[in-house]
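Each remark here refers to the structure printed beneath this line.
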Amino acid sequence: AQTVTQSQPEMSVQEAETVTLSCTYDTSESDYYLFWYKQPPSRQMILVIRQEAYKQQNATENRFSVNFQKAAKSFSLKISDSQLGDAAMYFCAYRSAGTGTASKLTFGTGTRLQVTL
Amino acid sequence: GAVVSQHPSRVICKSGTSVKIECRSLDFQATTMFWYRQFPKQSLMLMATSNEGSKATYEQGVEKDKFLINHASLTLSTLTVTSAHPEDSSFYICSAARAAGSYNEQFFGPGTRLTVL
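Here's what the structure looks like:
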């Protein structure tokens, strides 16, 4: 079974600064997807970024980028130019490359990000 | 596009009663839907995976007779908590998978807060 570990329960960053959230995972599969989701106080899950394991290039979405190290099974999220609206719970998630039941997500325990003025 | 709704958003019920939560994909057909449970300040835990027209696949430790899942159409899945007890109080989130080639993108509903008195 796959596991996802987020070792930082809470992180804090000043507005306009950069912060990196850590995530490691364990799997025996070679093809899979990794995600970062944001959950603001509204509890609505929002997809931040997605990485396909077979792609070596790190995914980027505006101020969000990942550092994907497949051999080390590490998948960190970097948030640049942090904004107050970035404050939320961030979950790292893993899913297999299959469809149907195989596409279920396994979540890490989450990192609560605070953004200060 | 790709909107998933849940109804109700909040429900309070008495111990021993049953509660039904609906999850609808509003603008796409979802061959697979997932039900998650989230306790306060914790991560999302997958309860079950439902495929349209077939029985749901429950995760280990989830009582299938207590959490009844029906996926009668490509746009609707329901979760019924039978004989609810205070320990069933939680935040329930569904997600719906939209097929996009070999990749099933998941979209999350806004969640349902269940309180059992």
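Residue numbers (our numbering), protein chains in the order written: chain A, 1 to 117; chain B, 1 to 117. Glycine residues also receive a C-beta, built at the ideal position from the N, C-alpha and C atoms.
Between which residues of its own chain and S15(B) is the CB-CB distance below 7 Å, once the five residues before and five after are set aside?
Translated into positions along the second sequence, residue 15(B) becomes position 15. Closer than 7 Å at the Cβ level, and outside the excluded window around S15(B), lie A84, H85, P86, V116 and L117.
Got a sec, what are the start and stop residues for the beta strand (DSSP E) H143(B) sits in?
The structure shown has nothing for residue 143(B), since chain B only spans 1 to 117.
According to the neighbour-count rule (16 or more other Cβ atoms, all chains shown, within 10 Å of its Cβ), is V81(B) buried or exposed?
Mapped onto the second sequence, residue 81(B) falls at position 81. Counting Cβ neighbours within 10 Å, V81(B) comes out buried, since at least 16 surround it.
Should S22(A) be counted as a contact of the ligand GDP given a C-beta to heavy atom distance under 8 Å?
In terms of ligand content, the structure shown is empty, and the ligand GDP therefore cannot be addressed.
Sorted by chain position, which residues of the same chain lie with C-beta nearer than 6 Å to L77(A)'s C-beta, five sequence neighbours on each side aside?
As a first step, residue 77(A) is located in the first sequence; it is residue number 77 there, counting from the start. L21, W36 and V66.
Measuring straight from C-alpha to C-alpha, what distance separates F75(A) and S96(A)?
Taking the first sequence and counting its residues from 1, one reaches residue 75(A) at position 75. Taking the first sequence and counting its residues from 1, one reaches residue 96(A) at position 96. Looking at the two C-alpha atoms, the distance is approximately 15 Å.
Can you tell me where the beta strand (DSSP E) holding E10(A) begins and where it ends?
Stepping through the first sequence from its first residue, residue 10(A) is reached at position 10. Where E10(A) is concerned, the enclosing beta strand (DSSP E) stretches over E10 to Q14.
Expected contact under 8 Å - CB spacing of T111(A) and P40(A) to nearest Å
By one-based count along the first sequence, residue 111(A) stands at place 111. By one-based count along the first sequence, residue 40(A) stands at place 40. Not really, about 14 Å apart at Cβ, beyond 8 Å.
Report the neighbours of F107(A) on chain B: residues whose CB is nearer than 7 Å to its CB, in chain order.
Translated into positions along the first sequence, residue 107(A) becomes position 107. The answer, in chain order, is S43 and L44.
Within chain B, partners of T99(A) - CB distance below 9 Å:
Within the first sequence, numbered from 1, the residue matching residue 99(A) stands at position 99. Residues of chain B passing the Cβ test: T31, T32, A97, A99, S102, Y103 and N104.
Using 10 angstroms around the beta-carbon of R10(B), count the other beta-carbons present and answer buried if the total reaches 16, otherwise exposed.
Within the second sequence, residue 10(B) is the residue found at index 10, counting from 1. R10(B) is exposed by the Cβ-count criterion.
Between the CA atoms of Q6(A) and I12(B) - distance to the nearest angstrom:
Taking the first residue of the second sequence as position 1, residue 12(B) is located at position 12. Taking the first residue of the first sequence as position 1, residue 6(A) is located at position 6. Cα-Cα distance, rounded: 33 Å.
For the beta strand (DSSP E) holding D86(A), just list the boundary residues, first then last.
If you number the first sequence from 1, residue 86(A) lands on position 86. First-last for D86(A): undefined, no H or E at that position.
Does the stretch 89–97 of chain B come into contact with the stretch 22–34 of chain B, if we say contact requires no fewer than three beta-carbon pairs (one atom in each stretch) closer than 8 Å?
yes
Between which two residues does the beta strand (DSSP E) harbouring C23(B) extend?
Reading the second sequence from its first residue, position 23 is the one you call residue 23(B). Looking at the DSSP string, the run of the beta strand (DSSP E) that includes C23(B) is V19 to S25.
To the nearest angstrom, how far is the alpha carbon of Q114(A) from that of C23(A)?
Position 114 of the first sequence, counting from 1, holds the residue named residue 114(A). Position 23 of the first sequence, counting from 1, holds the residue named residue 23(A). Going from the Cα of Q114(A) to the Cα of C23(A) covers about 18 Å.
Using CA atoms only, rank isn't needed, just tell me which of F67(B), P40(B), T31(B) and K55(B) is closest to M47(B).
Residue numbering aside, residue 47(B) sits at position 47 when the second sequence is read from its first letter. Checking every option, the nearest Cα to that of M47(B) belongs to F67(B).
9 Å Cβ cutoff, Y33(A) in contact with chain B
Counting from 1 along the first sequence, the entry for residue 33(A) is found at position 33. Chain B, which has a Cβ nearer than 9 Å to the Cβ of Y33(A), makes this yes.
Enumerate, from N- to C-terminal direction, the unbroken beta strand (DSSP E) stretches of 3 or more residues contained entirely within the stretch 36–112 of chain B.
44–51, 67–73, 76–81, 90–100 and 103–108
Mind checking whether V4(A) and T106(A) have CB atoms under 9 Å apart?
Your numbering for residue 4(A) matches position 4 in the first sequence. Your numbering for residue 106(A) matches position 106 in the first sequence. It is a contact, given that the beta carbons lie within the stated cut-off.
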